[in-house]
Amino acid sequence: MSVRELVVLGTASQVPTRHRNHNGYLLRWDGEGILFDPGEGTQRQMLRAGVAAHDINRICVTHFHGDHSLGLAGVIQRINLDQVPHPVAAHYPASGQHFFERLRYATAYRETVLLDEVPVAADGVLAATPAYTLEARMLSHPVESFGYRLTEPDGRRMLPERLAAFGIKGPAVGRLQREGVLDGVTLEQVSEVRPGQRFAFVMDTRLCPGVHELAEGCDMLVIESTFLDEDEQLAVDHGHLTVGQAARTARDAGVRHLVLTHFSQRYSDPDLFEGQARVAGFEGELTVARDLLRVPLPKRHQ
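Numbering-wise, the sequence shown is residues 10 to 311 according to the working numbering.
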């Protein structure tokens with residue numbers, strides 16, 4: 010059975026707390042795993058969450074501040090120690106190539122796995138597979154930062170009443186799906202578009218065009234909400250979002266499930282983030298992330 014879920018490994022901004030580790034998020038997308046922003050301690054959080062190195066097919070780093078990247082050294086070495094049997098792709102801002110190299114080779118170890126470096130230099134498509142297209146958009150932060158978006162190809166939903174009208178049933182339905190036409194009847198005549206699922210990951214940034222482009226029409230949006238609304242000036246000064254800004258972005262983009270994360274250590278009550286998100290007008294599914302939480306993607310539109 011295919012699984013699509015977010016495994017939250019850490020949710021703190023800047024420094025960890027007693028209850029929140031540095032950032033780390035694994036997206037399970039059917040048979041693949043995409044690890045986003047492995048901060049310090051990610052390898053141990055993977056163990057606690059039941060995530061193995063073998064589960065990782067891609068690593069996506071938004072930027073090279075420590076709370077989003079210091080875990081790279083341990084994760085890369087663990088991938089090699091466990092002799093993961095498949096190549097692993099690594100995406101990160103091209104301007105931080107020297108940081109990536111320092112983390113990749115921070116200490117001595119034996120390389121056993123092909124780690125394919127695919128740095129990000131501009132907006133655009135990074136990878137296209139049968140299961141999804143991975144794209145990046147530039148964000149606005151004191152250091153270069155990119156957000157990521159996965160888009161599943163659209164499919165087709167068969168319409169029983171139209172199939173019946175053309176007398177198509179049984180194995181003929183599968184043949185029509187495979188070949189696109191059967192006895193003069195086209196697939197478009199008996200089906201409609203089923204939108205593919207969309208997922209976006211937006212970390213440290215001010216509001217900017219990239220934030221809105223990444224969020225548009227997403228089934229799940231994982232987005233930083235470092236500050237509460239009353240501290241908006243701090244957010245602007247340090248290149249972050251408030252919870253209200255994140256929630257309004259999700260509301261205007263038609264996001265189905267909003268996951269808020271990357272919380273400043275100055276706040277001890279996570280309920281405040283949920284309350285301000287609702288005041289901002291977001292009415293969809295809402296999760297205030299906590300470490301080791303698993304969040305399933307919404308079911309497909311019927």
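Note that beta-carbon positions come from the ideal geometry of N, C-alpha and C, so glycine has one too.
For the beta strand (DSSP E) containing residue 208, name the first residue and the last one.
Taking the first residue of the sequence shown as position 1, residue 208 is located at position 199. That run of the beta strand (DSSP E) goes 207 to 211.
Can you find the residues in the same chain that come closer than 6 Å, C-beta to C-beta, to residue 12, ignoring five residues on each side of it along the sequence?
By one-based count along the sequence shown, residue 12 stands at place 3. Cβ within range, chain order: 37.
Can you check the stretch 189 to 276 for any beta strand (DSSP E) of at least 3 residues that lies completely inside it and give the ranges in chain order?
Within the stretch 189 to 276, the complete beta strand (DSSP E) runs of at least 3 residues are 200 to 203, 207 to 211, 229 to 233 and 266 to 270.
Would the beta-carbon of residue 149 fall within 9 Å of that of residue 214?
Position 140 of the sequence shown, counting from 1, holds the residue named residue 149. Position 205 of the sequence shown, counting from 1, holds the residue named residue 214. Cβ atoms of residue 149 and residue 214: closer than 9 Å.
Hey, how far is the Cα of residue 199 from the Cα of residue 161?
For this step, residue 199 is matched to residue 190 along the sequence shown. For this step, residue 161 is matched to residue 152 along the sequence shown. Rounded to the nearest angstrom, the two C-alpha atoms are 22 Å apart.
Hey, quick one: how far does the beta strand (DSSP E) through residue 107 stretch, first residue to last?
Taking the sequence shown and counting its residues from 1, one reaches residue 107 at position 98. First-last for residue 107: 106 to 113, but that is the alpha helix (DSSP H), not the beta strand (DSSP E).
So the candidates are 16, 18 and 22; which of them puts its Cα closest to the Cα of residue 244?
Counted from its first residue, the sequence shown places residue 244 at position 235. Ranked by Cα distance from residue 244, the options 16, 18 and 22 are led by 22.
Sort 30, 72, 146 and 24 by Cα distance to residue 300 and report the nearest one.
Along the sequence shown, one-based indexing puts residue 300 at 291. Selected option, being the one with the closest Cα: 30.
Consult DSSP for residue 75 and reduce its assignment to one of helix, strand or coil.
Indexing the sequence shown from 1 puts residue 75 at position 66. Residue state, collapsed to three classes: helix.
Starting from the Cα of residue 127, find the closest Cα among 173, 71 and 169 and give me that residue.
In the sequence shown, residue 127 corresponds to position 118, counting from 1. Nearest to residue 127 by C-alpha distance, out of 173, 71 and 169, is 71.
Taking the alpha-carbon of residue 9 as reference, which of 86, 125 and 122 has the nearest alpha-carbon?
Lying outside 10 to 311, the shown extent of the chain, residue 9 is not represented and no answer is given.
Quick check: what's the CA-CA separation for residue 258 versus residue 246?
As a working note, residue 258 is residue 249 in the sequence shown. As a working note, residue 246 is residue 237 in the sequence shown. Looking at the backbone, the Cα of residue 258 and that of residue 246 are separated by about 19 Å.
Measuring CB atoms only, is the stretch 217 to 230 touching the stretch 171 to 180, in the sense that at least three cross pairs come out at less than 8 Å?
The stretch 217 to 230, when compared against the stretch 171 to 180, does not touch it at the 8 Å Cβ threshold.
One question on the structure: do residue 84 and residue 25 come within less than 9 Å of each other, judged by their Cβ atoms?
On the sequence shown, position 75 is the one that residue 84 refers to. On the sequence shown, position 16 is the one that residue 25 refers to. With contacts defined by Cβ atoms closer than 9 Å, residue 84 and residue 25 do not form a contacting pair.
Quickly, what does DSSP pair residue 305 with across the bridge? List them, please.
Along the sequence shown, read from residue 1 onward, the residue named residue 305 stands at position 296. Per the DSSP secondary-structure output, residue 305 pairs in a beta bridge with 14.
Going by the CB atoms, is the gap between residue 147 and residue 69 shorter than 9 Å?
If you number the sequence shown from 1, residue 69 lands on position 60. If you number the sequence shown from 1, residue 147 lands on position 138. Their beta carbons are not under 9 Å apart, which means residue 69 does not touch residue 147 by this criterion.
Provide the residue span of the beta strand (DSSP E) that contains residue 43, from first to last.
Within the sequence shown, residue 43 is the residue found at index 34, counting from 1. If you look at residue 43, you'll find it in the beta strand (DSSP E) that goes 41 to 45.
Less than 9 Å separating the beta-carbons of residue 158 and residue 140?
Start at 1 with the first residue of the sequence shown, and residue 158 comes out as number 149. Start at 1 with the first residue of the sequence shown, and residue 140 comes out as number 131. Taking 9 Å as the cut-off, the beta carbon of residue 158 is found no closer than this to the beta carbon of residue 140.
Taking Cβ positions, are residue 15 and residue 32 nearer each other than 9 Å?
Sequence index remark: in the sequence shown, residue 15 carries index 6 (1-based). Sequence index remark: in the sequence shown, residue 32 carries index 23 (1-based). No. Outside cutoff.
Limits of the beta strand (DSSP E) - the one that residue 125 falls within
Here residue 125 is taken as the residue at index 116 of the sequence shown, counted from 1. Start and end: 124 to 126.
By Cβ distance below 8 Å, which residues in the same chain neighbour residue 190 in space, the five residues on each side in sequence not counted?
Position 181 of the sequence shown, counted from the start, is the residue given in the question as residue 190. Correct list, in chain order: 196.
When the distance is taken between beta carbons, is residue 307 closer than 9 Å to residue 265?
Numbered from its first residue, the sequence shown carries residue 265 at position 256. Numbered from its first residue, the sequence shown carries residue 307 at position 298. Yes; because the gap between Cβ atoms is below 9 Å, this pair is in contact.
In the structure shown, what three-state DSSP assignment does residue 170 receive?
Along the sequence shown, read from residue 1 onward, the residue named residue 170 stands at position 161. In the structure shown, the three-state DSSP call for residue 170 is helix.
Rounded separation between residue 73 and residue 182 - CA only
The count along the sequence shown starts at 1 and reaches residue 73 at position 64. The count along the sequence shown starts at 1 and reaches residue 182 at position 173. Rounded to the nearest angstrom, the two C-alpha atoms are 51 Å apart.
Within 10 Å of its beta-carbon, does residue 234 have 16 or more other beta-carbons around it, so buried, or fewer, so exposed?
As a first step, residue 234 is located in the sequence shown; it is residue number 225 there, counting from the start. Residue 234 is buried by the Cβ-count criterion.
Buried versus exposed call for residue 137 [16 or more other C-beta atoms within 10 Å across all chains shown]
Numbered from 1 along the sequence shown, position 128 holds the residue referred to as residue 137. Residue 137 comes out exposed.
Starting from the C-beta of residue 7, find all residues in its chain whose C-beta is less than 6 Å away, skip the five residues before and the five after it, and write them out in chain order.
Look at the range of the chain in this structure, 10 to 311, and you will see that residue 7 is not part of it.
DSSP three-state call for residue 148: helix, strand or coil?
On the sequence shown, position 139 is the one that residue 148 refers to. Of the three classes helix, strand and coil, the one that applies to residue 148 here is coil, per DSSP.
Leaving out five residues before and five after residue 238 in sequence, what residues of the same chain have Cβ atoms less than 7 Å from its Cβ?
Counting from 1 along the sequence shown, the entry for residue 238 is found at position 229. A distance below 7 Å between beta-carbons, with the five flanking residues on each side excluded, links residue 238 to the following residues of its chain, in chain order: 251, 252, 253 and 285.
By alpha-carbon positions, which one of 154, 77 and 111 ends up nearest to residue 333?
No answer is possible for residue 333: the residues shown for the chain start at 10 and end at 311.
Can you tell me which of the three DSSP states residue 155 falls into?
To locate residue 155, count along the sequence shown from 1; it is residue 146. Under the three-state reduction of DSSP, residue 155 is assigned to strand.
Whole-number beta carbon distance between residue 64 and residue 90, since they are thought to touch under 8 Å
As a position in the sequence shown, residue 90 is number 81, starting the count at 1. As a position in the sequence shown, residue 64 is number 55, starting the count at 1. Rounded, the Cβ-Cβ distance is 15 Å, inconsistent with contact.
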